[in-house]
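Peer 1: When we follow the numbering used here, the leftmost residue of the sequence shown carries the number 30, and every step to the right adds one.
Cβ atoms here follow ideal geometry from the backbone N, Cα and C, with glycine treated the same way.
No experiment lies behind these values; they were computed from the predicted model shown.
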Amino acid sequence: MAANLRRIFSTFIWIITLVSSSRTRIYPPNEVTLLDTRTVPGELKWAASPSEGGWEEVSIMDEKNVPIRTYQVCNVLEPNQNNWLRTDWIPRSGAQRVYVEVKFTLRDCNSLPGVTGTCKETFNLYYHESNEDRESYIKESSFIKVDTVAADESFTQVDVGDRIMKLNTEVRDVKVTTRKGFYLAFQDVGACIALVSVRVFYKTCPLTIRNLATFPDTVTGADTSSLVEVRGSCVNQSEEREEPKMYCGADGEWLVPIGGCLCNPGYQEKSGTCKACSVGFYKAKSSDPGCSKCPPHSHSVRDGATVCDCHSGFFRADSDPPSMACTQPPSAPQQLISVVNETSVVLEWAPPRRLGGRSDTSYSLECLICSGSHLCLPCGSDVLFSPGQTGLKTTRVVVSELRAHTHYTFIVHAHNGVSQASGAGAAQSVSVTLTTNQAAPSPVSFIQATDVTRHSLSLAWQQPDRPNGVILEYEVKFYEKDQRERSYRIMRTFSRSVDVTGLNPLTVYVFHVRARTAAGYGEFSAPFEFSTNSDPFPLIGEGVNSAFLLLSISGVGILLLISAAVFIISRRRSKYSKTKQDSEEEKHLNPGVKIYVDPFTYEDPDQAIHEFAKEIDVSSIHIERVIGMGEFGEVCSGRLRVQGKREIYVAIKSLKAGYSDKQRRDFLSEASIMGQFDHPNIIRLEGVVTRCELLTECANSLVVVFVKNLFLLIQLVGMLRGIASGMKYLSDMSYVHRDLAARNILVNSNLVCKVSDFGLSRVLEDDPEAAYTTRIPIRWTAPEAIAYRKFTTASDVWSYGIVMWEVVSYGERPYWDMNNQDVIKAMEEGYRLPAPMDCPVVLHQLMLDCWERERAERPTFSQILNMLDKLIRNPGTLRRVGSEVCVSVVPQVCMPEWSMCVWLQSIGLERYRDTLAAAGYTSLDSLLALTHQ
30 MAANLRRIFS TFIWIITLVS SSRTRIYPPN EVTLLDTRTV PGELKWAASP
80 SEGGWEEVSI MDEKNVPIRT YQVCNVLEPN QNNWLRTDWI PRSGAQRVYV
130 EVKFTLRDCN SLPGVTGTCK ETFNLYYHES NEDRESYIKE SSFIKVDTVA
180 ADESFTQVDV GDRIMKLNTE VRDVKVTTRK GFYLAFQDVG ACIALVSVRV
230 FYKTCPLTIR NLATFPDTVT GADTSSLVEV RGSCVNQSEE REEPKMYCGA
280 DGEWLVPIGG CLCNPGYQEK SGTCKACSVG FYKAKSSDPG CSKCPPHSHS
330 VRDGATVCDC HSGFFRADSD PPSMACTQPP SAPQQLISVV NETSVVLEWA
380 PPRRLGGRSD TSYSLECLIC SGSHLCLPCG SDVLFSPGQT GLKTTRVVVS
430 ELRAHTHYTF IVHAHNGVSQ ASGAGAAQSV SVTLTTNQAA PSPVSFIQAT
480 DVTRHSLSLA WQQPDRPNGV ILEYEVKFYE KDQRERSYRI MRTFSRSVDV
530 TGLNPLTVYV FHVRARTAAG YGEFSAPFEF STNSDPFPLI GEGVNSAFLL
580 LSISGVGILL LISAAVFIIS RRRSKYSKTK QDSEEEKHLN PGVKIYVDPF
630 TYEDPDQAIH EFAKEIDVSS IHIERVIGMG EFGEVCSGRL RVQGKREIYV
680 AIKSLKAGYS DKQRRDFLSE ASIMGQFDHP NIIRLEGVVT RCELLTECAN
730 SLVVVFVKNL FLLIQLVGML RGIASGMKYL SDMSYVHRDL AARNILVNSN
780 LVCKVSDFGL SRVLEDDPEA AYTTRIPIRW TAPEAIAYRK FTTASDVWSY
830 GIVMWEVVSY GERPYWDMNN QDVIKAMEEG YRLPAPMDCP VVLHQLMLDC
880 WERERAERPT FSQILNMLDK LIRNPGTLRR VGSEVCVSVV PQVCMPEWSM
930 CVWLQSIGLE RYRDTLAAAG YTSLDSLLAL THQ
């Protein structure tokens, strides 16, 4: 009968092999084959134990008459089978995890008569690592079991006749890292089975090019979840923009490309390589997107040009970018005209006819004094030009302070950015020659008084700095200071002095002097004051008696100090009154706070993101590593470098590839929400990148902090105070969070808590009963929000109470292992979480206030903040610990029918039942005497 079974099996193998081999075997590019029995020429000659009556090697021909070696065994009539088949030594070639693909057929035991209890339908796969091929026989004890392999489909005698059977294909992975190679072994325990083919392979991340960086063929890691970090190298003619890195996944796929390279100047990216710019094109910087056509009036005569050369007669300034067209100097200004007004000249001209293709035309003036011998010299520095002499953008200049009756030549030059490069100068100018007219003299600058008596004094002065001709006479005007020029007298003289008589004694007089030429009078001098019957007392000039001057200045100074004091006091009183009034007005007017704007009201999410978030240049972001997966895509940590500011660490959330319109809108809307908040206890949005990445400040999870640190109670209260401050800010903006929990509170290195995760939030509209429908976190949600989908600031207060319980219990799960339905039922029956161990009474009472059934009776966040501030200022109130209240709140108030066992089980402490019983605590009443010691 055994011979019949083998014959039936051999026929079946031929059928299966013929069907299977009719297809070309093409393996994925990331799989490297170490062994494939289909391709081994000749016999396999694997080691078998026992050598007789066990596994048997069989040769079969496929449709191309190519022999295929297989192994089969069918000892199903005899019990306790232990047939081993071992492969030859297989070098692992650097692989750390190999995959074994076995194609086999298996006979259904039910189709074999008389084999009940001895026939099996599985076989076992083993492996053994070894440094070299020196194992001459099978050592079963040295092999490690990989798996028990079962068939998805088995065949019967009828199947062979109908030829409808299919091969079973199973793949198992094996970690091989300690030796140079390994053996595989197949153990038969009583099945009718044939190994049609065995293939052993390992996976690699194939050679690839990403972001112009080459990543070599890389063997995957030893663990199925491991990521191998690989640094790429820039392709030829490229430079590193940011260190290129990728991760090789266990499935042979490249993940998370970071950084990359840029093609060098003169080269552009094409099909993953850098190709030189062709003739007539250029690329100036690595950051430029690609080669550009040479700008007008320029050309390139070789491949790989970084800049285009200008045509003859055209030029490029040093400050001109390579993308700018080559230009020419301007032509000369046109239609220069001059208008002489005594010793001033107004020059006007028209712009050049040809500007040279530029818009930076400017003008400069050159001034020359020409004598009768046609010798011209530069004008002196005393000549004034308005608005200036060089760098002019206007075509009109006023030149003043010229000499009278003098010949001048003015030259107007036109310039632009390439004037100096071209060497052009005189050809770009226009000139005019003119003669100034006669002019009145300049004012007298100094007057001195001498021979002062009670009724007279003598005045003397110097000639004006610019007489502008022959001085014909001087005119002196004077008046009593008290009269303020209402009644003055005039005296004229040909000399530079005059005696003034008929003055009143002990009187201050004001004097002005001016000169006259043939062109007329000049301007009066500044006022000079002198007093009769005393030494001269000019406010301006010399000849002042020092004692009298000191006394006068002291008196004036005292008077000024008194006036200043009176003025300051009055102003302060006025300012205090105004400030007080403004304060009262602000108190009564209450101008309000910033109101949150729902980004979902915008038809275009891009409009909302541009209004509420700041755009960040992607080159300012340095991604360092992947820290997790978010709802929208990868979450990475990195650094943000903004010019003029210090570098900061940020978290980068990116939108995964292939996102839908709804995912993109939700992603941008979350950023638009965060961008409206500016508070130290709210996570801050640093900015967004147009390609859908958003950056927030970095902080650690609050739960992680709980696990790693045990804080002082006052520190925990301070953290709770920060959370309450952030929630007060949100409530003041009419914003409802809806998902307030410890998992959504982040803590920075200074223990500053920051509210985060606004993905489930919505705006609180004018109607305080506004309803929203969404997925609800039951353990943190108020009863009215669970039952009626009513989310308000009061429901956030309920969630805040749960957060308080999480903080004080150091991260304990609310309601422990109760399911959601039990939590809802317990809340409806009035159950509230008991105080955690060593919980201060005031804190637990504040939690209970937050969990009032009527939301109108719950405190506001402003009241919560005030309460926590009082606790921080008076930490002694935190010393009272209500241990008896914490323990008895459940059995006495909420569920009195519970037994000790049921109650301990409900709070996850049933493992302490025997300990409590041994100590005498057998009922809920006995727990009332239990203290935390």
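#1: Can you tell me which of Ser-348, Val-375, Leu-384 puts its alpha carbon nearest to the alpha carbon of Ser-360?
#2: Straight-line CA distance for Pro-57 to Cys-234?
#3: Between the Cα of Trp-113 and those of Glu-81, Val-144, Arg-98, Val-87, spot the shortest distance and give me the residue it belongs to.
#4: Can Leu-669 and Ile-656 be called in contact, C-beta distance under 8 Å?
#5: Let me know the alpha helix (DSSP H) ranges lying completely inside the segment 455-523, each 4 residues or longer, listed in chain order.
#6: May I ask you to report which of helix, strand or coil DSSP gives Lys-195?
#7: Grouping DSSP H, G and I as helix and E and B as strand, with all else coil, what is Ala-354?
#8: If I measure Cβ to Cβ from Arg-425 and keep anything under 6 Å in the same chain, skipping five residues before and after, which residues do I get?
#9: Return the first residue and the last residue of the beta strand (DSSP E) that Gly-210 is part of.
#10: Name the DSSP bridge partner or partners of Arg-331?
#11: Would you kindly work out how many angstroms separate the C-alpha atoms of Met-866 and Met-876, rounded to a whole number?
#12: Output the distance between the C-alpha atoms of Thr-889 and Leu-684, rounded to the nearest integer angstrom.
#13: Looking at the structure shown, is Trp-283 part of a helix, part of a strand, or coil, going by DSSP?
#14: From the DSSP output, read off the bridge partner residues of His-444.
#15: Which same chain residues end up closer than 8 Å to Asn-445 when comparing Cβ atoms and leaving out the 5 residues on each side of it in sequence?
#16: In whole angstroms, what separates the C-alpha of Pro-142 from that of Trp-283?
#17: Mind checking who Val-203 pairs with in its DSSP beta bridge?
#18: Count the other CB atoms within 10 Å of the CB of Ser-824; is the residue buried (16 or more) or exposed (fewer)?
#19: In whole angstroms, what is the alpha-carbon distance linking Arg-126 and Glu-150?
#20: For Thr-253, count the other beta carbons within 10 Å of its own beta carbon; 16 or more makes it buried, fewer makes it exposed. Which is it?
#21: Report all residues from its chain with a CB closer than 6 Å to the CB of His-617; omit the five preceding and five following residues, and keep chain order.
#22: Could you compute how far the alpha carbon of Leu-647 sits from the alpha carbon of Arg-884?
#23: Would you mind working out which of Pro-534, Thr-546, Met-520, Ser-666 sits nearest Phe-540, comparing C-alpha positions?
#24: Shortest alpha-carbon distance to Val-717 belongs to which of Ile-681, Ser-341, Phe-629, Ser-448?
#25: For the beta strand (DSSP E) that Tyr-156 lies in, which residues bound it at each end?
#26: Hey, which unbroken runs of the alpha helix (DSSP H) at 4 residues or more fall wholly within the segment 356-438?
#27: Where does Glu-552 sit, in a helix, a strand or coil, going by DSSP?
#28: For Leu-907 versus Val-746, is the C-beta distance shorter than 8 Å?
#29: With H, G and I counted as helix, E and B as strand and the rest as coil, what does DSSP make of Ser-912?
#30: Between which two residues does the alpha helix (DSSP H) holding Met-856 run?
#31: When the Cα of Arg-345 is compared with those of Ser-327, Arg-902, Gly-687, Thr-206, which residue comes out closest?
#32: Near Ser-367, what residues of its chain come up, given a Cβ to Cβ distance below 6 Å and the 5 sequence neighbours on each side ignored?
#33: Per DSSP, Tyr-539 forms a beta bridge with which residues?
#34: Classify Ala-770 as helix, strand or coil using the three-state DSSP reduction.
#35: Which whole runs of the beta strand (DSSP E) in the segment 98-123 are 3 residues long or more, in chain order?
#36: Once you ignore the five residues that flank Asn-104 on each side, which residues in its own chain have a CB closer than 6 Å to its CB?
Peer 2: Answer, in terms of the structure:
#1: Nearest C-alpha to Ser-360 among Ser-348, Val-375, Leu-384: Leu-384.
#2: If I take the Cα positions, the gap works out to 11 Å.
#3: Glu-81
#4: no
#5: Entirely contained in the segment 455-523, not one alpha helix (DSSP H) run reaches 4 residues.
#6: The three-state reading of DSSP puts Lys-195 in coil, since its state is none of H, G, I, E or B.
#7: When DSSP states are grouped into helix, strand and coil, Ala-354 belongs to the coil group.
#8: Glu-377
#9: 210-217
#10: Residue pairing for Arg-331: DSSP places it in no beta bridge.
#11: 14 Å
#12: 37 Å
#13: DSSP, reduced to helix, strand and coil, places Trp-283 within a strand of the structure shown.
#14: In the DSSP output, where bridge partners are listed per residue, His-444 has Ser-391.
#15: Setting aside the 5 residues that flank it on each side, Asn-445 is surrounded in the same chain by Thr-356, Pro-358, Pro-359, Leu-384, Gly-385, Arg-387, Asp-389, Thr-390, Ser-391, each with a C-beta closer than 8 Å to its C-beta; the list follows chain order.
#16: 53 Å
#17: Under DSSP, Val-203 takes part in a beta bridge, and its partners are Val-127.
#18: Classified as buried, Ser-824 has 16 or more neighbouring CB atoms from the shown chains inside 10 Å of its CB.
#19: Near 28 Å, if we compare the C-alpha coordinates of Glu-150 and Arg-126.
#20: exposed
#21: Here His-617 scores only 37 on pLDDT, less than 50, and its place in the model should not be relied on; the value that follows carries that caveat. There are no such residues.
#22: Per the sequence shown, residue 647 should be read as Val rather than Leu. Cα-Cα distance, rounded: 46 Å.
#23: Nearest option by C-alpha distance: Met-520.
#24: Ile-681
#25: 151-159
#26: none
#27: coil
#28: yes
#29: Here Ser-912 scores only 42 on pLDDT, less than 50, and its place in the model is too uncertain to base an answer on.
#30: According to the DSSP assignment, Met-856 belongs to the alpha helix (DSSP H) that extends over 849-857.
#31: Ranking the options by Cα distance to Arg-345, first place goes to Ser-327.
#32: Val-374, Leu-376, Val-461, Leu-463
#33: The sequence shown places Val at residue 539, not Tyr. Beta-bridge pairing links Val-539 to Tyr-508, Glu-558.
#34: Three-state DSSP puts Ala-770 in coil, outside helix and strand.
#35: 112-115
#36: Gln-110
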